[in-house]
Each structure stands twice: as structure tokens, then as C-alpha cells.
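First to last, the protein sequences are chains E and L.
Just so you know, my numbering puts 308 at position 297 of the first sequence, and the rest follows in order with no gaps.
Just so you know, my numbering puts 519 at position 416 of the second sequence, and the rest follows in order with no gaps.
Ideal Cβ positions, reconstructed from N, Cα and C, are used throughout, including at glycine.
From a predicted model like this one, the values you see are computed outputs, not experimental measurements.
Note sheet for the following structure.
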Amino acid sequence: MSVDTQSLPYESLGPPIRGPRALTDDWSRVWHLTFNIARNQWKLRFFGSVLGYFWQLIRPLLLFGVLYVFFTVIAHIGSGPGSGPGEPNHFYGAQLLGSIVLFTFFSESTNGAVRCVVDNEALVRKIQFPRMVIPLSVVLLAMFNLGLNLIVVMVFALISGVRPMLTWLELPLLIAMLTFLSVGLAMLLAALFVYFRDMQPIWEVLTQVLFYASPVIVPVTTVEQRLSPALVHLYMVNPLATVLQQFRHAMINHATPSASALLGGSVRLLAPIAIVVVVFGLGLSVFNRTAPYVAENL
Amino acid sequence: MGAATGRALRTEPRPPALVTLSAMASPAIADGLPAVVARDVSKTFRLPQERVHTLKERVLHPRRRTRYETFRALDHISFAVEPGEFFGIAGRNGSGKSTLLKCIAGIYGCGGDIWCRGRLSTFIELGVGFNPDLAAQDNVVMNGIMMGLSPREARKRVDTVIEFAELEDFKDLKLKNYSSGMHVRLAFAVAIQVDADILLIDEVLAVGDAAFQQKCFDAFATMRKQGKTIVFVTHDMGALKRFCQHALLLERGSTVYLGDTETVADRYLEINFGRDERTFPAEQDEGCEGDARVIAVWVENERGERVAGVPQGHQLTLQVLVAYAVDVEDGHAGVFLHNDEQRTVLVLSTILQPEGTRFRAGERALFSFSFQNVLAPGRYSPVVNLADRGAPLDTVDQYESGFSFVVTGSRALGGVVDLPTEVTVRRADAVTARDVLA
């Protein structure tokens, strides 16, 4: 036999392969893969339906309609004290819609990511590729939706009388923070689901809790009236609360307090940011550590 | 060739993502070193006895360790494949072939080191991971990107791939409406059209019709010419011998043999039929009627070992043990060998011997028939006839047990026997043709 495995110059062979991993050195490949998976999913979702994207929009819009009617007409939150021009609750409708759209992005990307690795078993078992692509593509898909939904939000805001502001430039930062949080959770949940199949209902419940624990429906002024300042600070440490409230402040209505004001100082903004960083780091490390064994544990 | 090249290799950037046909002598395979190397590759799976899948179970029994058995799927496997070589991996089901391929492909992590020097394309578990809801076109692009092509290159190749798979008429059809054969054709077309340096193929020849199989063979031949390396898992010893120069034979995760395909094919068949199928008929009960009884029939190989399968081309001995209840003047035995189709392929008999042997009541006789095994591969059942020429036919006791044996071989051409044949082919010019006619 021409090849003797005993006397091969192993040092000359270069580095051996490293087996399945979450990450890679070739980031353009990660991007191409992520983008194409997300695009295919997007195509699948709208393929064959006449109204296409409309169905994607109708869910947050319907939720918005119900909540808007309930809270302005019945509970008088949106039309109560503080909702006059120049007051915090003015533009309650636009604020509510914006919050719902942002929260929908968060919920879609994290809940969609829970099953993603297991659902893509066919790929994971047959081809070597950076595993991180799978949860990333789920978040990217949710981002496509977010982009389109935000257009609707801004149109609605302009119709309601919101005028363009310089603070609109904060939007990319807010989206980035929300995305990092979502990607971190997506990786964490996707990795855990391989081992604990009840991650899915657990996360669904937690999403519901977060929905009510974040300023989506309730204007932050109402929270301020009911809670002590310390509790308000605690409430705002939740990164979702920070992003949603800052969105309302920067994008819709300057009269509603900014996130830093509610936290009691811009330095304290570091707390929710730190949470995002920790969640992202945790998600990445857990996913990275489980990635080599995913193919055999599915 | 030494360390200098190696160091250069390591510091050099990876070869470009796309290696076109003209650039097949990519730097990774031009240095005279093997293309694929495995050193002491081991893989252990943990088989949990009961899989704890829910958090509730974890919470209720926090102390209980998931008990599991470890299963060694691969045990210190080493081999090297030269660039441009076809390397076969053979073994029975569950011997670790596919696991080894998955380790090389980087789908499973494993102990030991594996080097794959060049871009890899894989065809594992009859597919490359398609999305059933997407059309063939989208799947091909997706898979091209998965295998390392740029999106533009992947899109460029769609037509070639679909043409190779002969699916032009179905390219807009969702994959879930494809037949399994079409599925595999498409997957295989993708795998070989991405211009990889190293191709890992798992059992492709088991599916597809004859025409497509031929197409695969042609594709293999082309790739061989282009200097591509192919690692090939198969059960088909004929294909193994036809394409591969070297092969690895696995059994229960260990190397049985690493080397020439001829030996691998023989050993494979031996493993399949020779060892595990040790079912020999029990000796028949005493006291049955008749003047003579066949107690046992068995087959021995050239080393005199009882076997259930004998390789083609080797010495074979059929043994018949007989007990006589009456005196026999001229005891004879004949064996009719029937093949699967119940056709008598061979008759062995003592009748042509100059004289028979005399046996007393209560004596036993052992008839042995040795011959060069030219039988075609397949299963054979012997039917034994006993006779006493001195006192004709009424002492006959026909023995038809369930015993059968298998002839193994990898060159079944379709006949009932395979004789050693010397074949020559040459051009018949006018002179020789005239000689023949004259």
C-alpha cells in the first residue's frame, strides 16, 4: 500500500479538521447561509397566498386594534389625564403600535428559534456548516418583518401628527440592542431545546409574562404613578422596557420620559445594556459548547 | 517535501472557496501528501437507557444520573488517501462506516485527528438536506451555498445540476412531490457539481435506475481523471473492486483490513456469511425408519473448518454422514445441489467409483466430495440420495434437511457457474480474419 499511516509527516499536513462548530472563520459564508435560509423561509410563508405580506401584518394590527379600543374607550388609559397635546400619553395609538411591533419581533425571533435546530435536523445531520446560522436566520426572518412593520408604524405616526425628529437617528441603536438580546436568547433556547423539550411551553409563558412586564400596553406614566421610584428603576432595568420606552420617547413623543430619565441617570443605562451583553454571551457560549454534539443528540 | 512545505501550507490562506475545473491542481493537493488522513479516530456514543427530555424529570429526580451505556462506534481507525484516489469503506450494517464518514465530513466530533486537505463535498444518508417545501431550484442554490459556493456560483450551477439529475421538467416542482429516486438524483447531482476536491459518498449506488447508475459511474470516472479524491462507502463489492484502489473494511468499529480491494471484498463476504451464520443442522434423531439415514450434511472450507459460506474459487468439501441400519453390500451416496431456483446445478456421486464400500448394520459412513468451487454466488441446498447397488433402490433414504450453504463472490455475471477464464481481446486484422475463415 502506497500510504503508510505510521510514517506520515503529520506536521506537514496542516491543521486537522475541527469537527462541527457553532462558528467559523468564514463570516461571509455565515451571512450568505443565514440570508438564504431566511429568504427561503420568507418565500415559503408568503408563497401562494394572495395577500402575502398583509397576513404578516394583520396579527400585530389586530392586536393593536383590540388593545387600542379597550384601553382608550373602556379603560380610558390613552384618553385619560396626560393625553393632551404635549403630555406624555399623547399619541397613545402610535406608541402602542410601535411597542407591539417591536415586541412582536422579539417574540417571533425567540419563540421561532426554540425549535429551529431540531426542525433543521435534515441539514444538521448531513452537512457541515456553522451551526449558528440556524438561530441567526430565524432572527433575520423576524427582522424582515420588523422592517416592513416599522414602515407601517411610521406612516401611522405621521398620520397621527408626529413630526420627524432628529432623535429618529436613535432607531438603529434601539434595533441593535433588541437584536442582540433576541440573538442571545435565540441561541440559548435553541441549544437548550435539544436537551429539554419543554423549553417551548416554558418560553411561551415567559414571553407572555414579559409582554405584561414591559411597557407595551401600559403607558409608563401609569407605572410611575403606582410604583415607588426604586421599583420604577427596577422595572426599567429590563432591556425590553428600556428599548420600548426609548422608542416611544425618541420616535413618537418627546413628552413621554426617556429611558435614562426613568432609570435615574444615563449611567444607569449600562445596567440594561449589561444584561443584553450577558444574555448574548451566555447564549453564544452555551450554543457554542453544545454545537459539536447536536448532530448526535437530536 | 518536508516541513518547509508544511509550514508554508499552514500560513497560506485557505484555497479559494471555488475551485474551478481548470484549477484542479489546487495547492492543497499538489504537494504529494495524502488528501485525507485519519489518525487514531475513535468515536463513542452514549446510549441513555432512558432519555430524560423534560425539565420535570430533571427536577423530580435531580440526583438521578442519566444512566447510559457507552457504545464504541469507531475504535482507533487510521488510514490515508492519496489525492486522486478512490478509497472504499466497506463493512456490514452498523459496522461504523457511516459514522466514520460523518466524522470526516465534520458532522460528528470524534477522538483522534482527521485531515481533509481540499474542499469537501458530501453525500450522506441519501441526501444533502433538502427543504421539502421548496422547489428544486431553490434547494440546489441553498445546498451549493452550504457546500461552500458563493451564491452567484451556486445560481450559475443550477441548470447543470438539474440537467445532470435529468429533472428539467420538474425544476419548479416542490421537493415533497418528488419520488425518492428523483430526490437522490438531485442530491447526488448537487454533491458532484460543486467542484470539491474531496467527495464523501455514502451508498449512492443502492438507488436510482440503471441508466442513472451508469451516469454516476461515468461521473466517477471523470472525477478520477480530474484528480479528485473520493471516499466511498458501499456494500457493493463489485463497485468497490471496479472503482477503488484501496479500501478499509470495518467490523464493529474496528479495522479488519486496510489495503487492496480484492482482499477487502473477500473478507467482507467472509464476515457476512462465514462467521455469524453458524447454523448447522442438528443430527437427526435415532430410531427413524429406513435402512440408512443421513445424520448430517455440512460444508468445509479448504482449512477443514465447518462453514456456512464458501468463497468462490476456493476448495470446497461437502461432507455427508450416514448411519446404516442394515448390512449394505455396495453403499453409494449421491448429492444433488439445487440453487435458489430449484435447478440442479451439480450432481456429486460415488457411483462412478470403481467399487462401493461394504457397511455393516450400525456402522456409520462419511462421504466427502471435494471440488474447486466454481459455483456462481448464491445459496445452494444439497439433496442426498443413498443407494445400495447390491440390493437396489429399496434401501434408499432421501435426505432433505433445511441445510443450505452460501457461495460468496463479487463477480456474479449471471451464469450458474463461473469458470476461471482466460480472456484476450485484440484487433482482428485482415490476416488473422482470413486465417480463421480458412
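Let's test the definition: count the other Cβ atoms within 10 Å of the Cβ of residue i and tell me whether it reaches 16, buried, or not, exposed.
i, result
"L:Lys-146", "buried"
"L:Gln-445", "exposed"
"L:Lys-279", "exposed"
"L:Ile-454", "exposed"
"E:Gly-294", "buried"
"L:Val-520", "exposed"
"L:Met-249", "buried"
"E:Trp-66", "exposed"
"L:Trp-218", "buried"
"L:Thr-263", "exposed"
"E:Trp-38", "exposed"
"L:Thr-447", "exposed"
"L:Arg-396", "buried"
For a test of the three-state rule: what should DSSP assign to residue i, helix, strand or coil?
i, result
"E:Leu-184", "helix"
"L:Ala-464", "coil"
"L:Gly-416", "coil"
"L:Gly-518", "coil"
"E:Ile-263", "helix"
"L:Tyr-211", "coil"
"L:Tyr-281", "coil"
"L:Asn-488", "strand"
"E:Ser-277", "helix"
"L:Lys-331", "coil"
"L:Gly-199", "coil"
"L:Gln-317", "helix"
"L:Asp-532", "coil"
"L:Val-140", "strand"
"L:Asp-305", "strand"
"L:His-435", "strand"
"E:Gly-76", "helix"
"E:His-244", "helix"
"L:Ala-193", "strand"
"E:Ser-23", "helix"
"L:Arg-406", "coil"
Roughly how many angstroms separate the alpha carbons of residue i and residue j, rounded to a whole number?
i, j, result
"E:Pro-27", "E:Leu-245", "50 Å"
"E:Val-80", "E:Ile-48", "38 Å"
"L:Ser-473", "L:His-417", "10 Å"
"E:Ser-271", "E:Arg-279", "7 Å"
"L:Pro-414", "L:Tyr-371", "11 Å"
"E:Glu-235", "E:Pro-268", "10 Å"
"L:Lys-318", "L:Glu-266", "12 Å"
"E:Gly-76", "L:Val-297", "51 Å"
"E:Glu-98", "E:Thr-45", "43 Å"
"L:Leu-550", "L:Leu-289", "One cannot answer for residue 550 of chain L here, as it falls past the ends of chain L, which runs 104 to 541."
"L:Phe-346", "L:Glu-354", "22 Å"
"L:Met-340", "L:Ala-239", "33 Å"
"L:Leu-451", "L:Ala-428", "23 Å"
"E:Val-135", "E:Val-128", "8 Å"
"L:Glu-405", "L:Phe-233", "51 Å"
"E:Ser-118", "E:Gly-30", "32 Å"
"L:Ser-224", "L:Pro-254", "16 Å"
"L:Val-359", "L:Asp-312", "32 Å"
Could you say which of the options lies nearest to residue i if we only look at CA atoms?
i, options, result
"L:Gly-187", "L:Gly-465, L:Ala-299, L:Cys-319 and L:Leu-353", "L:Ala-299"
"L:Val-144", "L:Asp-443, L:Ala-290 and L:Gly-209", "L:Gly-209"
"L:Gly-330", "L:Gln-418, L:Leu-270, L:Leu-372 and L:Gly-221", "L:Gly-221"
"E:Arg-32", "E:Met-143, E:Ala-197 and E:Val-248", "E:Met-143"
"L:Leu-136", "E:Val-194, E:Leu-238 and E:Gly-25", "E:Gly-25"
"L:Ile-304", "L:Leu-276, L:Thr-337, L:Gly-481 and L:Asp-321", "L:Thr-337"
"E:Phe-291", "E:Leu-192, E:Leu-251, E:Asn-51 and E:Pro-141", "E:Leu-192"
"E:Val-125", "E:Phe-222, E:Ala-201 and E:Ala-261", "E:Ala-201"
"L:Gly-356", "L:Val-162, L:Asp-178 and L:Asp-275", "L:Asp-178"
"E:Ser-120", "E:Leu-182, E:Ala-252, E:Arg-237 and E:Phe-155", "E:Phe-155"
"L:Ala-141", "L:Phe-174, L:Phe-320, L:Pro-457 and L:Ala-183", "L:Ala-183"
"L:Thr-173", "L:Phe-148, L:Phe-189, L:Ser-224 and L:Ile-180", "L:Phe-148"
"L:Val-431", "L:Gly-214, L:Ala-411, L:Glu-408 and L:Glu-458", "L:Glu-458"
"E:Val-227", "E:Ile-111, E:Thr-83 and E:Asn-299", "E:Ile-111"
Original post:
Taking Cβ-Cβ distances below 9 Å as the criterion, which residues of the segment 23-45 of chain E are in contact with chain L?
Top reply: Ser-23, Leu-24, Gly-25, Pro-26, Pro-27, Ile-28, Arg-29, Gly-30, Pro-31, Arg-32, Asp-36, Asp-37, Ser-39, Arg-40, His-43 and Leu-44
Original post:
Taking a cut of 7 Å between CB atoms, which residues from the segment 111-134 of chain E lie near chain L?
Top reply: Ala-133 and Leu-134
Original post:
Quick one, which residues of the segment 133-158 of chain E are near chain L if we go by CB-CB under 7 Å, in chain order?
Top reply: Ala-133, Leu-134, Arg-136, Lys-137, Ile-138, Gln-139 and Phe-140
Subject >> Members of the segment 204-223 of chain L that neighbour chain E once the beta carbon cut-off is set at 9 Å >> reply: Lys-205, Cys-206, Ile-207, Ala-208, Gly-209, Ile-210, Tyr-211, Gly-212, Cys-213, Gly-215, Asp-216, Ile-217, Trp-218, Cys-219, Arg-220 and Leu-223
Original post:
Of the residues that make up the segment 452-470 of chain L, which ones have a beta carbon closer than 9 Å to any beta carbon in chain E?
Top reply: Listed by position along the chain: nothing, the set is empty.
Original post:
Using Cβ-Cβ distances below 8 Å, what residues of the segment 234-245 of chain L are close to chain E?
Top reply: So the close ones are Asn-234, Asp-236, Leu-237, Asp-241, Val-244 and Met-245.
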